[in-house]
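Engineer: Read top to bottom, the protein sequences are chains A and B.
Number 187 marks the last residue of the first sequence (UniProt numbering); no jumps.
Number 203 marks the last residue of the second sequence (UniProt numbering); no jumps.
Have a look at this one.
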Amino acid sequence: METFIKKRIKAIKKGDQNAYAEIVELYKDKVYRLCYRMLGNRHEAEDAAQEAFVRAYINIHTYNTNMKFSSWLYRIATNLSIDKIRKKKPSVYLDEEVSGTEGLTVYSQLPSTEASPEETLESLELQETVQKAIEKLPEKYRSVIVLKYIEDLSLQEISEILDIPIGTVKTRIHRGREALRKHLGHL
Amino acid sequence: MECPNHIIKLMHDYLDDDITPDDERELREHLQQCSACAHHFNSLKRTIAFIQHASHITPSSNFTANVMARLPKEKKMVRLGRWLKNHPFVTAASLFLALMVGSLFTTWNGEQQFSVSTRENVIIQDRTVIVPKGKVVEGDIVVRNGSIKIEGKVNGDVTVIHGEKYLASAGQVTGEIEEINQVFDWIWYNIKESVKDVMKAFE
Numbered sequence: 001m002e003t004f005i006k007k008r009i010k011a012i013k014k015g016d017q018n019a020y021a022e023i024v025e026l027y028k029d030k031v032y033r034l035c036y037r038m039l040g041n042r043h044e045a046e047d048a049a050q051e052a053f054v055r056a057y058i059n060i061h062t063y064n065t066n067m068k069f070s071s072w073l074y075r076i077a078t079n080l081s082i083d084k085i086r087k088k089k090p091s092v093y094l095d096e097e098v099s100g101t102e103g104l105t106v107y108s109q110l111p112s113t114e115a116s117p118e119e120t121l122e123s124l125e126l127q128e129t130v131q132k133a134i135e136k137l138p139e140k141y142r143s144v145i146v147l148k149y150i151e152d153l154s155l156q157e158i159s160e161i162l163d164i165p166i167g168t169v170k171t172r173i174h175r176g177r178e179a180l181r182k183h184l185g186h187l
Numbered sequence: 001m002e003c004p005n006h007i008i009k010l011m012h013d014y015l016d017d018d019i020t021p022d023d024e025r026e027l028r029e030h031l032q033q034c035s036a037c038a039h040h041f042n043s044l045k046r047t048i049a050f051i052q053h054a055s056h057i058t059p060s061s062n063f064t065a066n067v068m069a070r071l072p073k074e075k076k077m078v079r080l081g082r083w084l085k086n087h088p089f090v091t092a093a094s095l096f097l098a099l100m101v102g103s104l105f106t107t108w109n110g111e112q113q114f115s116v117s118t119r120e121n122v123i124i125q126d127r128t129v130i131v132p133k134g135k136v137v138e139g140d141i142v143v144r145n146g147s148i149k150i151e152g153k154v155n156g157d158v159t160v161i162h163g164e165k166y167l168a169s170a171g172q173v174t175g176e177i178e179e180i181n182q183v184f185d186w187i188w189y190n191i192k193e194s195v196k197d198v199m200k201a202f203e
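As structure tokens, this is what we get:
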């Protein structure tokens, strides 16, 4: 796998775009998923993921082969998503009051019947709730949570991707989990 | 709920798969006694399960094509190199053609001398071959760097290279008449001739 990628990168550095198409094909799902969970919108995610691949191609000469290629790609996609989040206006928070309904929050409107997470998630509405909860996280917690639980990466890899110490990764994951728990733990 | 704060920390260490056996034992013991912490721990685990089981969405089917379209143009040499590599037969053929055309070009420019393939029953007058009235030439005639005037009859093909042909009203040619004045005609003529030769070889 790694040698396959190394070969492709060599060809890409020589300017071979067909070799790059293979790389895109290989990572598009993961990069798209990352962007989608960060941005919460299919259209924006598609655009951001494409842009991430274009940037990676343009900057391929700065890619350091000591790093996993996927980590480098995730770093570009994460940073790009964070940039886009910052440009967007902040949206409603989960515990914000729904207008016209005193004391009633979006939170309390969510159904709270006990079912297994898998069963509960079959409902599209709840898929949205989960996504919304992720989106409520500040970017720095959101990125670690997405990398950890959506992309299933190790703490070591996350530390490499975000270029922060492993201790910081842990702290952010802990805080992110606690914040999510407030929104999702009762479902 | 007077639980030591570090219990929460232990929960997260456990969830990170980064807990010592001693700490894990401490956590388990505490969770058995303290329902508040047990609840907290369970809701954390449920939360993780929710995030992990979020449906896996995929990008549009033309994602890769769209990325490729957004890339800056690649260097021409690379594209050419790859193309040649992928089409070895075409590469060989075009190389062959280039050499062939080159050599033909030299022969085309090199031969300025007047010549005619037959001298039987013809009159040669200052670079013009005349087939006089009433005379019959048996076989093909090829005239190079000269013209031909046919007043009689030719039982075969007439080819004029670098020249003109005049066919008198009484003149007759049983085969094909061809005039070649351009390099491309010349090449075409050569190709046809070689094909004819090949066909003859098969006959």
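For each residue, glycine too, the CB sits at the ideal point set by N, CA and C.
Quick caveat, the model's predicted, so the values are computed rather than measured.
#1: Can a CB atom of chain B be found closer than 8 angstroms to the CB of residue 18 (chain A)?
#2: Roughly how far, in whole angstroms, is the beta-carbon of residue 143 (chain B) from the beta-carbon of residue 156 (chain B), given that I think they are within contact range, below 8 angstroms?
#3: Need the endpoints of the alpha helix (DSSP H) that residue 3 (chain A) sits in, please.
#4: Residues in its own chain within less than 8 angstroms of residue 101 (chain B) by CB, not counting five upstream and five downstream?
#5: Using a 10 Å radius around the Cβ and a threshold of 16 neighbouring Cβ atoms, would you call residue 51 (chain A) buried or exposed?
#6: Under 8 angstroms between C-beta atoms, does residue 67 (chain B) make it to chain A?
#7: Short of 8 angstroms Cβ to Cβ, which residues in the region 10-25 of chain B face chain A?
#8: Mind checking if residue 55 (chain B) is an interface residue toward chain A, Cβ cutoff 8 angstroms exclusive?
#9: Tell me whether residue 62 (chain A) is buried or exposed, calling it buried when 16 or more other Cβ atoms sit within 10 Å of its Cβ.
#10: Cβ of residue 93 (chain A) less than 8 angstroms from any chain B Cβ?
#11: Checking contacts by CB at 8 angstroms: is residue 185 (chain A) closer than that to chain B?
#12: Comparing the C-beta of residue 91 (chain B) with each C-beta of chain A, is any distance below 8 angstroms?
#13: Do residue 70 (chain B) and residue 54 (chain A) have their C-beta atoms within less than 8 angstroms of each other?
#14: Please identify the residue among B:7, B:86, B:72 whose C-alpha is closest to the C-alpha of residue 39 (chain B).
#15: Quick one: grab the DSSP three-state call for residue 111 (chain A).
#16: Starting from the N-terminal side, write out each stretch of the alpha helix (DSSP H) that is 4 residues or longer and does not extend beyond the region 40-70 of chain B.
#17: Can you tell me where the beta strand (DSSP E) holding residue 143 (chain B) begins and where it ends?
#18: With contact counted as at least three CB pairs below 8 angstroms, one residue from each stretch, are the region 150-160 of chain A and the region 168-177 of chain A in contact?
#19: Under 8 angstroms, Cβ to Cβ, is there at least one residue of chain B near residue 24 (chain A)?
#20: Under 8 angstroms by Cβ, that's how I've got residue 11 (chain A) and residue 21 (chain A) pegged, so tell me the actual separation to the nearest angstrom.
#21: Kindly identify the DSSP beta-bridge partner or partners of residue 116 (chain B).
#22: Can you pull the chain B residues whose beta carbon is under 7 angstroms from the beta carbon of residue 9 (chain A), in chain order?
#23: What distance in whole Å lies between the Cβ atoms of residue 39 (chain A) and residue 70 (chain A), which are believed to be in contact at a cut-off of 8 angstroms?
#24: Are the C-beta atoms of residue 46 (chain A) and some chain B residue less than 8 angstroms apart?
#25: Tell me the residue span of the alpha helix (DSSP H) that contains residue 196 (chain A).
#26: Looking at the unbroken beta strand (DSSP E) that takes in residue 125 (chain B), where does it start and where does it end?
#27: Let's see if you can read the secondary structure: which residues bound the alpha helix (DSSP H) around residue 57 (chain A)?
#28: Could you spell out the range, first to last residue, of the beta strand (DSSP E) harbouring residue 146 (chain A)?
#29: When you compare only the Cα positions, how much space is there between residue 106 (chain A) and residue 165 (chain A)?
#30: Give the straight-line distance between the Cα atoms of residue 31 (chain A) and residue 95 (chain B), rounded to the nearest whole angstrom.
#31: Determine the extent of the alpha helix (DSSP H) in which residue 129 (chain A) is found, giving its start and end residues.
Structural biologist: In short:
#1: Closer than 8 angstroms: yes.
#2: Actually they do not touch by this definition, with Cβ atoms about 13 angstroms apart.
#3: Counting along the chain, the alpha helix (DSSP H) containing residue 3 (chain A) begins and ends at 2-13.
#4: Only 187 meet the Cβ criterion.
#5: By the 10 Å Cβ count, residue 51 (chain A) comes out buried.
#6: Answer yes: the Cβ-Cβ gap between residue 67 (chain B) and chain A drops below 8 angstroms somewhere.
#7: Taking 8 angstroms as the cut-off between beta carbons, the residues of the region 10-25 of chain B near chain A are 12, 15, 16, 18, in sequence order.
#8: Interface residue (Cβ-Cβ distance to chain A less than 8 angstroms): residue 55 (chain B) is classified as such.
#9: Per the 10 Å Cβ criterion, exposed.
#10: Because residue 93 (chain A) carries a pLDDT of 47, less than 50, the predicted location of this residue cannot be relied on, and the following value inherits that uncertainty. The beta carbon of residue 93 (chain A) sits no closer than 8 angstroms to any beta carbon of chain B.
#11: Closer than 8 angstroms: yes.
#12: It does not; no Cβ of chain A falls within 8 angstroms.
#13: A contact, by the Cβ cut-off of 8 angstroms.
#14: Checked all of B:7, B:86, B:72; the closest Cα to residue 39 (chain B) is B:7.
#15: Low confidence applies here, because residue 111 (chain A) scores a pLDDT of 48, under 50, leaving its location unreliable; read the following figure in that light. In the three-state reduction of the DSSP assignment, residue 111 (chain A) falls in the coil class.
#16: Segments of the alpha helix (DSSP H) lying fully in the region 40-70 of chain B: 63-70.
#17: That run of the beta strand (DSSP E) goes 141-144.
#18: Because the criterion of three Cβ pairs below 8 angstroms is met, the region 150-160 of chain A and the region 168-177 of chain A touch.
#19: Taking a beta-carbon distance threshold of 8 angstroms, residue 24 (chain A) counts as an interface residue toward chain B.
#20: With a Cβ gap of about 11 angstroms, residue 11 (chain A) and residue 21 (chain A) do not count as contacting.
#21: Looking at the DSSP output, residue 116 (chain B) bridges to B:143.
#22: Near residue 9 (chain A) there are no residues of chain B at all, since even the closest Cβ is about 15 angstroms away, more than 7 angstroms.
#23: The Cβ separation is near 20 angstroms, so there is no contact.
#24: Yes, its Cβ sits closer than 8 angstroms to a Cβ of chain B.
#25: Past the boundaries of the shown model lies residue 196 (chain A); chain A is included only from 1 to 187, so the question cannot be answered.
#26: Element bounds for residue 125 (chain B): 123-125.
#27: 42-58 is the extent of the alpha helix (DSSP H) around residue 57 (chain A).
#28: Neither: residue 146 (chain A) is in no beta strand (DSSP E) and is coded neither H nor E.
#29: Only weak support is given to the placement of residue 106 (chain A): the predicted model assigns it a pLDDT of 48, under 50, and the question is left unresolved by the model.
#30: Their Cα atoms are separated by approximately 45 angstroms.
#31: The continuous alpha helix (DSSP H) containing residue 129 (chain A) extends over residues 124-136.
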